[in-house]
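**Student:** Mind having a look at this structure? Questions to follow.
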């Protein structure tokens with residue numbers, strides 16, 4: 003962790019994420035902001051003013067409150083979905099890399115099938131099957147991410163299993179499970195840790211994309227992608243940038259921050275790691 | 048090479064079978080069938096509803112419906128769109144070429160831009176090109192595609208008034224210049240989205256190659272620096288770049304779907320988004336088949352190129 007502190011961009015990313023997480027968690031409660039009720043007096047799609055610092059949306063709801071609450075959704079998806087990807091991808095990647103043979107064929111072929119179709123369209127169908135909700139989003143994005151984790155783990159295991167200490171573990175009669183847990187798992191833990199933070203960025207990317215297509219978080223609940231959805235109306239897009247610009251900028255900054263943390267972690271753990 | 052290609056085509060067909068089977072099952076399990084989305088006058092009886100269901104074949108068991116679909120596809124029949132009431136092939140036919148044009152243009156420019164920039168970045172580390180390459184690599188995956196589209200419309204179409212924002216033709220105008228002016232913006236968002244990965248991959252592939260001894264040999268032979276870099280360096284580096292393009296292809300198609308939707312470009316991606324929303328199973332399956340075929344064909348073509356570039360693959 004000492005090495006991570008030396009990475010300037012990694013620390014900036016981490017600080018940004020902490021400040022962001024605290025703001026979206028606490029600010030709405032402290033200032034009694036209301037993301038769902040309409041302030042008709044302020045007007046629909048009103049420009050930023052003292053009462054509504056970021057203006058109002060198409061249903062006269064306060065955009066500052068909605069942006070903050072939308073941040074909760076994005077951060078939650080960004081943190082939770084990668085854990086699902088790892089829960090699925092880690093054992094499958096381990097099995098494919100360690101046992102080889104039919105397990106390898108089936109698992110890696112399944113990876114190829116998943117990766118040969120646009121994930122956004124597949125996620126769109128999956129979310130429609132389950133019905134749009136926060137849980138469904140996290141689940142679908144998490145499940146869709148299994149391929150990249152499995153491929154990563156698979157590649158690391160392939161190189162580890164050729165090492166001599168694996169041969170020696172086999173020769174003293176360790177069971178497969180023990181070898182996997184005690185010899186191989188520690189070797190794949192750093193790439194997985196890095197993958198967790200890199201996947202976080204792409205999970206947020208997908209969440210915002212799905213919400214933008216109207217398949218994610220449904221109004222009145224707020225999400226960044228959902229807020230930007232309003233920009234599909236050309237007059238909102240061209241004349242009212244205050245509606246979509248803050249959420250758009252926050253999405254990009256958050257993804258960049260997660261990426262910097264991931265790179266900082268990678269440099270601290272193993273600079274030669276290829277991800 | 049022939050055996051290698053044969054294996055590739057076989058595995059591509061297998062992949063297609065699985066994709067279509069998975070999607071068929073998923074689509075069939077979406078709550079609310081096409082009938083509910085289309086809605087009726089509201090006065091239908093249960094019997095009428097049931098006969099409409101039977102007419103669409105929705106009462107049959109799932110595996111049988113997929114088997115029927117597969118049988119019809121093999122006969123060249125994609126079925127009728129629930130929504131439009133005309134053959135799926137006809138709907139897709141109208142939307143296919145615009146997509147190919149859009150994706151083809153976007154990807155071509157990404158390659159034309161990404162490979163030279165990545166090469167320069169690798170050739171002169173820490174130069175302007177190197178910084179440019181890390182900037183584009185970062186924007187490539189940190190900026191969601193729909194934000195790129197919106198930002199491009201805002202900047203280039205609204206603020207600078209350079210090109211029209213939406214559609215494929217101005218109303219009543221059919222000319223090549225008009226088509227190009229409508230194509231620029233959506234195609235450049237695709238280029239913007241794909242170029243980052245390409246630059247990054249080109250850079251790291253070239254960095255690997257530039258350290259090889261045979262480049263020193265080539266220089267020692269007295270070849271000019273340009274010949275060394277292009278003939279010996281880039282040629283070897285092209286193989287991993289092609290691999291990257293293959294891996295990215297499905298995501299580029301997915302991005303194109305979003306771009307098509309935002310720019311009102313009449314392609315198959317936006318058609319698919321629409322079809323999913325309408326629970327139009329035959330149409331969604333048709334588009335799925337076309338997209339999967341497109342992706343796998345591009346991959347097989349890139350595979351052939353790979354073989355031409357790297358003799359080791361050819362004789363395996």
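Protein chains in written order, with our numbering: chain V, 3 to 277; chain B, 48 to 363. Don't be surprised by glycine CBs; every beta carbon is placed ideally from N, CA and C. Keep in mind the model is a prediction, meaning the values are calculated, not measured.
(1) Output needed in chain order: residues of the stretch 52-71 of chain B with a Cβ under 7 Å from some Cβ in chain V.
(2) Smallest Cα separation from residue 156(B): which of 210(B), 234(B), 223(B)?
(3) To the nearest angstrom, report how far apart residue 67(B) and residue 128(B) are at their CA atoms.
(4) With 8 Å set as the bound, which would you pick, yes or no: does the beta-carbon of residue 105(V) sit closer than that to a beta-carbon of chain B?
(5) Taking DSSP as the reference, what is the three-state secondary structure of residue 134(B)?
(6) Would DSSP call residue 58(V) helix, strand or coil?
(7) Could you have a look at residue 63(V) and say whether DSSP puts it in helix, strand or coil?
(8) Mind checking which residues open and close the alpha helix (DSSP H) that includes residue 314(B)?
(9) Looking at residue 187(V) and residue 148(V), is the spacing between their C-beta atoms short of 8 Å?
(10) In the DSSP assignment, what are the bridge partners of residue 127(B)?
(11) Do the stretch 229-246 of chain V and the stretch 172-179 of chain B meet, that is, are 3 or more Cβ pairs less than 8 Å apart?
(12) If the cut-off is 7 Å on Cβ atoms, which residues from the stretch 116-133 of chain V count as contacting chain B, listed in chain order?
(13) Within the present structure, is the beta-carbon of residue 252(B) separated from the nearest heavy atom of the ligand SAM by less than 7 Å?
(14) For residue 120(V), which option in 134(B), 291(B), 316(B), 224(B) has the closest C-alpha, if you only look at C-alpha atoms?
(15) Does residue 246(V) come within less than 8 Å of chain B when only Cβ atoms are used?
(16) Strictly below 9 Å CB to CB, what residues from chain B border residue 230(V)?
(17) Hey, is the stretch 92-111 of chain V in contact with the stretch 278-293 of chain B, meaning 3+ C-beta pairs nearer than 8 Å?
(18) Can you check which of these residues, 147(B), 247(B), 284(B), 183(B), is closest to residue 367(B) by C-alpha distance?
(19) Which chain B residues are close to residue 77(V), counting only those with a beta carbon under 7 Å from its beta carbon?
(20) Are at least three pairs of beta-carbons, each pair with one atom in the stretch 173-190 of chain V and one in the stretch 134-150 of chain V, less than 8 Å apart?
(21) At the 8 Å Cβ level, is residue 205(B) part of the contact set with chain A, yes or no?
(22) Can a CB atom of chain V be found closer than 8 Å to the CB of residue 301(B)?
(23) Which residues, in chain order, does the stretch 125-145 of chain B contribute to contact with chain V at a C-beta distance below 8 Å?
(24) Between which two residues does the alpha helix (DSSP H) harbouring residue 236(B) extend?
(25) At what residues does the alpha helix (DSSP H) containing residue 71(B) begin and finish?
(26) Starting from residue 287(B), follow the alpha helix (DSSP H) in both directions and report where the run begins and ends.
(27) What does the alpha-carbon distance come out to for the pair residue 29(V) and residue 252(V)?
(28) Going along the chain, which residues of its own chain have a beta-carbon closer than 6 Å to the beta-carbon of residue 80(V), five neighbours each way excluded?
(29) Less than 8 Å between the beta carbons of residue 240(B) and residue 195(B), yes or no?
(30) Where does residue 163(V) land, buried or exposed, given buried means 16+ other C-beta within 10 angstroms?
(31) Determine, for residue 114(V), whether the minimum Cβ-Cβ distance to residues of chain B falls below 8 Å.
**Tutor:** Reading it off the structure:
(1) Answer set for the stretch 52-71 of chain B: 62, 65, 66, 70.
(2) Nearest of 210(B), 234(B), 223(B) to residue 156(B), Cα basis: 234(B).
(3) Inter-residue distance for residue 67(B) and residue 128(B) is about 17 Å (C-alpha atoms, whole angstroms).
(4) With 8 Å as the cut-off, residue 105(V) does not count as an interface residue toward chain B.
(5) The answer is strand: DSSP assigns residue 134(B) an E or B state.
(6) In the structure shown, the three-state DSSP call for residue 58(V) is strand.
(7) Here residue 63(V) sits in strand by DSSP.
(8) Unbroken run through residue 314(B): none, as it is neither H nor E.
(9) No, they are not a contact pair.
(10) Beta-bridge pairing links residue 127(B) to 134(B).
(11) Segments in contact, no.
(12) Within the stretch 116-133 of chain V, the qualifying residues are 117, 118, 119, 120, 121, 122, 123, 126, 127, 128, 130, 131, 133.
(13) Because no ligand of any kind appears in the structure shown, any question about the ligand SAM cannot be addressed here.
(14) Answer by Cα proximity: 316(B).
(15) Cβ-Cβ to chain B under 8 Å: yes for residue 246(V).
(16) Within 9 Å Cβ-Cβ: 191, 193, 194, 197.
(17) Taking a cut-off of 8 Å on C-beta distances, the stretch 92-111 of chain V does not touch the stretch 278-293 of chain B, as fewer than three cross pairs fall below it.
(18) Given a span of 48 to 363 for chain B in the structure shown, any question on residue 367(B) remains unanswerable.
(19) Near residue 77(V) there are no residues of chain B at all, since even the closest Cβ is about 15 Å away, more than 7 Å.
(20) With the rule of 3 Cβ pairs closer than 8 Å, the stretch 173-190 of chain V does not count as touching the stretch 134-150 of chain V.
(21) Chain labels in this structure do not include chain A; the protein chains are V and B.
(22) Under the Cβ distance rule, residue 301(B) counts among the residues neighbouring chain V, one pair being separated by less than 8 Å.
(23) Listed by position along the chain: nothing, the set is empty.
(24) In the DSSP annotation of this structure, the continuous segment of the alpha helix (DSSP H) that includes residue 236(B) starts and ends at 223-257.
(25) Taken as a continuous stretch (DSSP letters only), the alpha helix (DSSP H) holding residue 71(B) covers 49-76.
(26) Its alpha helix (DSSP H) spans residues 282-310.
(27) So the two alpha carbons sit approximately 16 Å from each other.
(28) Cβ within range, chain order: 202, 205, 206.
(29) Remark: C-beta atoms of residue 240(B) and residue 195(B) approach each other more closely than 8 Å.
(30) Result: buried.
(31) Yes, contact with chain B.
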